[in-house]
Every structure is written in structure tokens, then in C-alpha cells.
Amino acid sequence: MSREAWLDFRLYVITAQSNHPGKPVVDVIEQTLIGGAQIVQLRNKTGTRAEVLEQAKALRLLTRKYNVPFIINDYPDIVIETDADGVHLGQEDMPVAEARRLLGPDRIIGISTHNLDQALAAERDGADYIGVGPVFPTDTKPGRAAVTTSYVAEAARHVSIPFVAIGGITLDNVDLVLAAGAKRICAVSAIVGSDDPASVCRSFLRRIEAAGGKA
Ligand code: TZP
Ligand code: MG
């Protein structure tokens, strides 16, 4: 699949082991893929490098089976080692240009942004997509102020690369985010923390489709 086709996702799922203690990451992510998740990110903020590598290898195999892109947060070296499809960076991580030098022209580089200046800088620097959030307060990323749906609306007006809204998004508030102009949605706890990740993914996709984004 081309990079352009990969970036045509509507529902982005991130793993966070702490959101499903006792349930292996691979099992939970397979449920999300059965439910239609279109891109997967491994975001392990607490494990050792060896643990991240082991999870990355397993998720690489799984995402190949379902033909969806696999992104790794924070570890460009593990992206290369496992032949993942891209890296996700934070504002405090290496610059996009450095990641591009390391990963080459074909891999996906995403970066979290919290305001329009950061979004426009990411676009100029050659990022493939940006995260826009946290839209709502969330325990998954504590200590980061919510940007509210007004930043989603600004991104919809001014950002030309794909952007994905993230942070505190649930089936109860996703319609507000879609109404503000988001076409791509990412949720962590609402999906991987639920008892039935496949069914929650299907519900998110229906809502995205109903708002006019094709699912
Ligand atoms: N970046 C901005 S908010 C967030 C990240 C990784 C966490 C989103 O998790 P949740 O559980 O969907 O609020
Ligand atoms: Mg980071």
C-alpha cells in the first residue's frame, strides 16, 4: 500500500498496556483490527527498550496480517529494526528533519501538536500527519492542558496535511470533535480500555462515516 493510501485512515488506535492490565497488547490490538482500526501505534512509556522491541516485533507481524500501518512512538531505531512503517514524535523529541534523515523518504513521520503554530511548523518540516490534542482532559496524558475543539476547528481550516484529533475522545463526545472538522479520530482508553474493543471501533467508524468522513 502506498504512503498516501496508508494516510487515508479514519480511526487510529494506540496501545497503552496500562489501560488493559493483564490483557496482552497483541490480543487487544487484534480486537481493534477486527473492529476496523486502520492504523496502530505502539506507545510504551514505561517499558524497557527490550520490552518495547519485543512488543514491536509482535505488532509488526499482526499489522502485516491485517495490512494496516504500524507506527512506533519514540524509538526510530526500533522502527528500522522491526521494519515498522513510521515514527510518532512529541514536541520534545528529535526534529522531524532528523527523523526523516534516519528513516528515509518512504516512512511515515507523525508529530503531536498542541497549537496552530506547532502544526504549521510540522507541516513546513515535512511531517506526514499531526496529532491535534489533547482535545479533552485525559488521564492517558496527564499534565497536558486540553486544547478544546477550537484547536480542532483551526486545524481543519489551516492545516493541509492529515491531522488526527486525540485526547479524551469517547463515543459520548466524538460527535463534537467531528462537528469541529476532524476527519480522523484517535482514542486510547475508550477503545483499548473497553471490554469489547472491536465493537467500540465499529461504533467510532459508524459515527465518523455518519459525519461525512468515509470509514
Ligand atoms: N496525545 C495527546 S492526548 C493522548 C496522547 C497520546 C492520550 C489519549 O488517550 P485517551 O485515553 O484517548 O484520552
Ligand atoms: Mg516522544
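Going by this note's numbering, the sequence shown opens with residue 27, and the numbers climb by one from there. Cβ atoms here follow ideal geometry from the backbone N, Cα and C, with glycine treated the same way. On a predicted model such as this, the values are computed, not experimentally measured, just so you know.
Paired residues, beta bridge with residue i - DSSP
i      : result
Thr139 : Val158
Phe189 : Ile156
Thr41  : Leu68
Gly61  : None; Gly61 has no bridge partner.
Contacting residues, own chain, Cβ-Cβ under 8 Å from residue i (five flanking each side not counted)
i      : result
Pro102 : Val113, Met120, Ala125, Leu128 and Leu129
Gly207 : Val178, Ala179, Ala181, Ala182 and Arg183
Asp201 : Arg233 and Ala237
From the options, residue whose alpha carbon lies closest to that of residue i
i      : options                         : result
Leu79  : Glu180, Gly169, Ile98 and Gln43 : Ile98
Ser244 : Pro47, Glu107 and Gly159        : Any property of residue 244 remains undetermined from this structure, which presents the chain solely from 27 to 241.
Thr72  : Arg90, Asn93 and Asn45          : Asn45
Leu106 : Asp132, Ala123 and Gln117       : Here residue 106 turns out to be Ile, not Leu, going by the sequence shown. The shortest C-alpha separation from Ile106 is found at Asp132.
Ala153 : Leu88, Thr74 and Gln117         : Gln117
Ser225 : Asp34, Ile40 and Ala63          : Ala63
Gln67  : Ala216, Ser186, Ala76 and Ala82 : Ala82
Arg75  : Ile60, Leu88 and Ile104         : Ile104
Residue i burial status per 10 Å Cβ neighbour count (16 or more: buried)
i      : result
Ala31  : exposed
Gly238 : exposed
Asn93  : exposed
Asp165 : exposed
Arg210 : buried
Glu251 : The structure shown does not extend to residue 251, since the chain spans only 27 to 241, so no value can be given for it.
Contacting residues, own chain, Cβ-Cβ under 6 Å from residue i (five flanking each side not counted)
i      : result
Ala213 : Ile195
Val218 : Asn45, His46 and Val54
Ala172 : Pro160, Phe162 and Pro163
His140 : Val173
7 Å Cβ shell around residue i - same chain, five flanking residues per side excluded
i     : result
Ala42 : Arg69, Thr166, Val214 and Val218
Decide if the segment 39-54 is in contact with the segment 134-146; the criterion is three or more beta carbon pairs, one per stretch, under 8 Å apart.
-> no
Answer yes if the segment 173-187 comes into contact with the segment 216-230, meaning at least three C-beta pairs across the two stretches below 8 Å, and no otherwise.
-> no
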